[in-house]
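Undergrad: In the working numbering, each residue carries its 1-based index in the sequence shown increased by 1460.
We put the CB at the ideal spot given by N, CA and C, even for glycine.
Below is one structure. I have some questions about it.
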Amino acid sequence: MPGCASSSSMPPRPGSGDGRRAAPGQCAAGEGGGARTCTGVPALVDTNVLVYRFDPRFPAKQQIATALLRRGLVDDRLRVPHQAIVEFFAAVTRPLDDGRPLLAPDDARREAEEFLTQFVVLYPTEALLRTAIRGSATYQLGWFDAHLWAYAETYGLPELISEDFQHDRVYGTVRVTNPFLRAERSSRR
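The following block contains the structure:
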């Protein structure tokens, strides 16, 4: 799509491409199965960050999302939940008001596969689903938001990067950060 750089132009994640999955509360294994040190404290990234990366309708948010993902790759600091990749594909292939999607299905598949290669992807477990069910009731979250939050809670990630929750609020052990607040404030002026 014109104006949107492919995620393949983003730097590769150290040790990427081996299909590793992180276990709850752990960093993924390094090359050859050895332990690897995570730089910084990893954070969970929500679907909206992945989608804004390819959405030219919101240039400030697109720039923020691109920088955040690039920095997360370099620092090996971001984790992507399986749910976000599924939602990403659905969101970017859905027709917009003009009848065209953000990405053609082939491009969306390619980008989803790049996310799988570039980032540590977290997958749901029974414990995660139970945490989501409890979180939905405790915090009055909709199911998909509770499920997303449960990834961070279950995998021990102290930060959830999203615009869909209250900024700086703590849910359990997870603090929400909205990286797009500045862009939203600027667009209201």
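#1: Using the beta-carbon count (16 or more within 10 Å), is Leu1589 buried or exposed?
#2: Would DSSP call Val1581 helix, strand or coil?
#3: What number of angstroms, rounded off, separates the C-alpha of Asp1655 from the C-alpha of Val1636?
#4: Using 10 angstroms around the beta-carbon of Thr1526, count the other beta-carbons present and answer buried if the total reaches 16, otherwise exposed.
#5: From the DSSP output, in three-state form, read off Leu1562 for me.
#6: Between which two residues does the beta strand (DSSP E) carrying Arg1539 extend?
#7: Can you list, in chain order, the residues of its chain with a C-beta nearer than 7 Å to that of Pro1555? Leave out the 5 residues immediately preceding and following it.
#8: Measure from the alpha carbon of Leu1563 to the alpha carbon of each residue in Phe1549, Glu1623 and Asp1624, then state which is nearest.
#9: So who's on the other strand from Thr1637, going by DSSP bridges?
#10: Can you give me the start and stop residues for the beta strand (DSSP E) that Val1505 sits inside?
#11: Where does Asp1506 land, buried or exposed, given buried means 16+ other C-beta within 10 angstroms?
#12: Over the uninterrupted alpha helix (DSSP H) stretch that includes Arg1530, give me the two end residues.
#13: Please list the terminal residues of the continuous alpha helix (DSSP H) segment that includes Asp1605.
#14: Under DSSP, the alpha helix (DSSP H) around Leu1556 begins and ends at which residues?
#15: Check whether the stretch 1535 to 1543 and the stretch 1570 to 1584 touch, using three or more Cβ-Cβ pairs below 8 Å as the test.
#16: Does the separation of the CB atoms of Phe1575 and Ile1545 fall below 8 Å?
TA: With the structure as the only source:
#1: exposed
#2: Three-state result, Val1581: strand.
#3: Any answer about residue 1655 is impossible in this case: the structure gives the chain only from 1461 up to 1649.
#4: buried
#5: coil
#6: Leu1538 to Pro1541
#7: Shown here for Pro1555: same chain residues with a beta carbon closer than 7 Å to its own, the five before and five after excluded, namely Pro1561 in chain order.
#8: Phe1549
#9: In DSSP, Thr1637 forms a bridge with Ile1621.
#10: Ala1503 to Val1505
#11: buried
#12: Pro1519 to Asp1535
#13: Trp1603 to Tyr1615
#14: Counting along the chain, Leu1556 falls outside any alpha helix (DSSP H), and DSSP gives it neither H nor E.
#15: yes
#16: yes
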